[in-house]
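Novice: The listed protein sequences correspond, in order, to chains A and B.
Per our numbering, the first sequence starts with residue 12, numbered consecutively.
Per our numbering, the second sequence starts with residue 12, numbered consecutively.
Using N, Cα and C, we set each Cβ at its ideal position, and we do this for glycine too.
Supplied in structure tokens, the structure appears directly below.
2 protein chains.
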Amino acid sequence: MERIERHASFGGRQEVWKHVSRTLGCEMRVGVYLPAAALRGQPCPVLYWLSGLTCTEQNFITKAGAQAHAARHGLIVVAPDTSPRGATVADDPAYDLGQGAGFYLNATRAPWVPHYRMEDYVVDELPALVEQHFPALPRRGILGHSMGGHGALTLALRHPGRYASVSAFSPIVAPAQVPWGQKAFTAYLGDDRAAWAEHDTVTLIAQPRDERLPLLVDQGDADEFLASQLRPELLRAACESAGHPLTLRLQPGYDHSYYFVASFLADHFAHHAGALAAGVDEPGA
Amino acid sequence: MERIERHASFGGRQEVWKHVSRTLGCEMRVGVYLPAAALRGQPCPVLYWLSGLTCTEQNFITKAGAQAHAARHGLIVVAPDTSPRGATVADDPAYDLGQGAGFYLNATRAPWVPHYRMEDYVVDELPALVEQHFPALPRRGILGHSMGGHGALTLALRHPGRYASVSAFSPIVAPAQVPWGQKAFTAYLGDDRAAWAEHDTVTLIAQPRDERLPLLVDQGDADEFLASQLRPELLRAACESAGHPLTLRLQPGYDHSYYFVASFLADHFAHHAGALAAGVDEPGA
């Protein structure tokens with residue numbers, strides 16, 4: 012890993028690293044916030060943030076105001092890019108397919124094989140790198156926005172025991188039922204609806220499962236994608252039906268932007284910090 | 012004025028407006044944050060933020076995390092662009108002259124006359140517009156970053172009674188003595204050193220004056236422009252010599268970025284809120 016940015020921030024440090032990913036077969040960039048405790052070498056829990064369509068590792072670290080919360084709770088925050096990148100990586104001219112739109116799954120169809128394996132990258136390779144290079148505890152939370160909210164929810168549901176906490180802003184909760192997800196799933200997974208179901212939050216929630224992590228989900232009710240792409244009512248119904256603990260907050264007047272994310276991010280950090288600190292001897296101060 | 016962006020944010024609203032400026036002879040954009048109290052129609056004090064070289068009205072409103080503080084203190088925050096703009100406005104290929112580099116003064120030399128009149132715009136036209144279009148009290152604070160820190164300090168010093176509070180991040184405190192300022196002053200004001208002195212904070216501080224607003228200045232000690240362009244030691248010496256109240260904080264490890272601004276912005280809002288609320292019947296909660 013090679014550090015390419017380094018900025019003092021709220022007593023800690025916001026960094027950006029690049030590395031060649033074995034999983035994705037390309038160079039990747041990732042934002043890493045290290046709170047003061049981590050800079051002193053004290054192991055800290057790690058919160059993984061997954062961004063939405065069109066984003067890189069930069070959007071969250073520059074726009075969300077996350078560093079203040081990470082500093083307060085003593086959390087490392089890792090913000091990867093949203094897809095494999097580079098001239099040798101398949102792409103599509105549309106904003107919602109290809110580079111910038113990896114959908115946090117492993118593609119099985121050409122031309123997206125072999126690079127598009129964001130699930131393996133986020134769940135396995137990236138945490139291994141983080142826990143090797145930084146004073147990171149193997150205690151992980153995951154959250155994200157929009158496509159990244161879909162990523163956070165599906166990855167936590169698909170990998171029980173891997174994350175201690177999960178939350179989302181404006182997540183695509185039923186990709187198999189909405190245009191963004193149907194387009195991406197058709198491209199990356201083909202027409203096999205059983206494969207789609209494995210990456211669809213409302214379907215995963217309905218399955219029998221031993222672990223049911225409480226979900227915190229914020230959604231703006233003035234979000235331009237609410238009715239067409241996000242449909243939080245499907246998540247509410249799925250959780251009620253399955254007995255899955257859900258706090259779903261419809262925030263009046265809020266849209267799909269980082270202004271919305273920033274407004275409620277403190278609550279999400281508190282949600283994760285509570286779960287992540289429970290297994291730590293000395294919680295971040 | 013025409014609203015071109017509108018985002019719910021921390022219980023208030025971040026907006027962007029455009030308007031044709033009489034002073035500048037071009038269309039201008041300006042960020043306006045309205046706290047919840049202002050949305051209810053309650054008059055609020057106004058904080059003016061001036062950005063640095065290359066910035067537009069977007070940098071501060073997307074990167075500084077200011078909305079949380081504005082909401083907490085019940086302040087309207089106005090963030091204008093850094094120069095006149097447009098195809099009919101003189102420009103220069105360098106990042107530190109022309110569009111994006113107005114230096115918050117009224118130019119007297121071609122080709123910068125007649126558009127480059129950022130002092131009149133910020134001090135007169137913009138507050139008049141704000142106080143007409145929003146529930147804004149005629150109680151103003153001013154702050155900024157780098158070239159905008161220079162703007163905040165010089166405009167407050169040049170217009171006693173106009174601002175109740177002033178502060179700066181990484182300001183250019185002695186433009187007449189450093190390359191950025193010498194280049195801009197030569198272009199906009201010609202070779203007349205007496206004209207330069209009127210826009211040089213350390214010179215203005217040395218003049219006899221009835222009003223001496225306390226200055227809060229934060230400066231990162233890892234700022235890449237510290238020794239060449241910023242030279243806070245000249246401000247400290249000028250304030251000591253003149254008896255001007257100054258809180259100058261050298262922040263260890265911090266650079267020139269918005270990560271630095273965001274880290275200490277809460278203190279600046281508290282500084283301004285204290286002064287601005289003093290004349291208000293019901294301080295923002």
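From this set, A:Leu50, A:Phe71, A:Ile87 and A:Val43, which residue's C-alpha is nearest A:Gly159's C-alpha?
Specialist: Ranking the options by Cα distance to A:Gly159, first place goes to A:Phe71.
Novice: Can you name the residues of chain B whose CB is closer than 8 Å to the CB of A:Gln25?
Specialist: The answer, in chain order, is Tyr270.
Novice: In angstroms, rounded to a whole number, what distance separates the CA positions of A:Tyr270 and A:Val89?
Specialist: Straight-line Cα distance between these residues: approximately 20 Å.
Novice: At a CB distance below 8 Å, what residues from the stretch 68-97 of chain A approach chain B? Give them in sequence order.
Specialist: From the stretch 68-97 of chain A, only Thr73, Lys74, Gly76, Gln78 and Ala79 have a Cβ closer than 8 Å to chain B.
Novice: At 7 Å on the CB atoms, spell out the chain A contacts of B:Gly264, in chain order.
Specialist: Per Cβ cutoff of 7 Å: Ala19.
Novice: Using alpha carbons as the reference points, say which of B:Tyr132, B:Leu287 and B:Gln53 lies closest to B:Pro146.
Specialist: Comparing Cα-Cα distances from B:Pro146 to each of B:Tyr132, B:Leu287 and B:Gln53, the minimum goes to B:Gln53.
Novice: Taking the Cβ atom as the reference point for each residue, do B:Phe280 and B:His80 lie within a distance shorter than 8 Å?
Specialist: Yes; because the gap between Cβ atoms is below 8 Å, this pair is in contact.
Novice: Closer than 6 Å by C-beta to B:Ala206: which residues in its own chain qualify, once you throw out the five before and the five after it? Chain order, please.
Specialist: Leu200, listed in sequence order.
Novice: Please list the partners that B:Ala233 has in chain A, where partner means a Cβ-to-Cβ separation under 8 Å.
Specialist: Correct list: Ala19.
Novice: Whose C-alpha, out of B:Trp123, B:Asp266, B:Glu13 and B:Leu35, is nearest the C-alpha of B:Tyr132?
Specialist: Ranking the options by Cα distance to B:Tyr132, first place goes to B:Leu35.
Novice: For chain A, is any of its Cβ atoms less than 8 Å away from the one on B:Ser62?
Specialist: No, because no Cβ of chain A sits closer than 8 Å to the Cβ of B:Ser62.
Novice: Tell me the start and end of each unbroken alpha helix (DSSP H) in the stretch 226-293 of chain B that is at least 4 residues and wholly inside, in chain order.
Specialist: Correct list: 243-253 and 269-288.
Novice: Compare the Cα-Cα distances from B:Gln78 to each of B:Thr165, B:Val43 and B:Leu116 and report the closest residue.
Specialist: Comparing Cα-Cα distances from B:Gln78 to each of B:Thr165, B:Val43 and B:Leu116, the minimum goes to B:Val43.
Novice: Can you check whether the C-beta of A:Ala273 is within less than 8 Å of a C-beta belonging to chain B?
Specialist: True, the Cβ-Cβ gap to chain B drops below 8 Å.
Novice: Check the DSSP bridge columns for A:Cys37 and list the partner residues they point to.
Specialist: Paired residue(s): A:Ser32.
Novice: Relative to the C-alpha of B:Phe21, which candidate in B:Met39, B:Pro46 and B:His30 has its C-alpha closest?
Specialist: Measuring from the Cα of B:Phe21, the nearest candidate turns out to be B:Pro46.
Novice: Does the distance from the CB of B:Gly231 to the CB of B:Asp266 come in under 8 Å?
Specialist: Yes. Within cutoff.
Novice: Can we say the stretch 102-122 of chain B touches the stretch 12-19 of chain B, given the rule of at least three CB pairs closer than 8 Å?
Specialist: No contact exists between the stretch 102-122 of chain B and the stretch 12-19 of chain B.
Novice: Suppose contacts are defined by Cβ-Cβ distances below 8 Å. Is B:Val57 in contact with B:Arg151 by that definition?
Specialist: Contact flag set, yes.
Novice: Look at the alpha carbon of A:Thr212 and the alpha carbon of A:Pro186, and state the distance between them as a whole number of angstroms.
Specialist: Using only the alpha carbons, I get a separation of about 8 Å.
Novice: Would you kindly work out how many angstroms separate the C-alpha atoms of B:Leu287 and B:Ser268, rounded to a whole number?
Specialist: Taking the straight line joining both Cα atoms gives about 27 Å.
Novice: Let me know the secondary structure DSSP gives B:Arg24 once reduced to three states.
Specialist: Note: B:Arg24 maps to strand in three-state DSSP.
Novice: Helix, strand or coil for A:Leu164, going by three-state DSSP, please let me know.
Specialist: Of the three classes helix, strand and coil, the one that applies to A:Leu164 here is helix, per DSSP.
Novice: Per DSSP, what kind of secondary structure is A:Ile87 in: helix, strand or coil?
Specialist: The answer is strand: DSSP assigns A:Ile87 an E or B state.
Novice: Does the distance between the C-beta of B:Pro125 and the nearest non-hydrogen atom of the ligand COA fall short of 7 Å?
Specialist: Annotation note on the ligand COA: not contained in the displayed structure, which lists no ligands.
Novice: Please report how far the alpha carbon of B:Gln69 lies from the alpha carbon of B:Asp92, in whole angstroms.
Specialist: Taking the straight line from one Cα to the other gives about 8 Å.
Novice: Under the DSSP definition of a beta bridge, which residues are partnered with A:Trp60?
Specialist: According to DSSP, A:Trp60 bridges with A:Leu154.
Novice: Please classify B:Pro243: is it buried, with 16 or more other beta-carbons within 10 angstroms of its beta-carbon, or exposed?
Specialist: Under this definition B:Pro243 is a buried residue.
Novice: Kindly identify the DSSP beta-bridge partner or partners of B:Cys66.
Specialist: Bridge partners of B:Cys66: none, in fact.
Novice: From the DSSP output, read off the bridge partner residues of A:Arg173.
Specialist: Paired residue(s): none; A:Arg173 is not in a bridge.
Novice: Rounded to the nearest angstrom, how far is the Cβ of A:Val41 from that of A:Leu137, given a contact under 8 Å?
Specialist: Sure, about 7 Å apart at Cβ, within 8 Å.
Novice: Buried or exposed: B:Gln25, going by 16 or more other Cβ atoms within 10 Å of its Cβ?
Specialist: Buried is the call here.
Novice: I'd like the list of long-range same chain contacts for A:His156, defined as Cβ closer than 7 Å, with 5 residues on each side in sequence excluded.
Specialist: Ser62, Gly63, Phe180, Ser181 and Val272, listed in sequence order.
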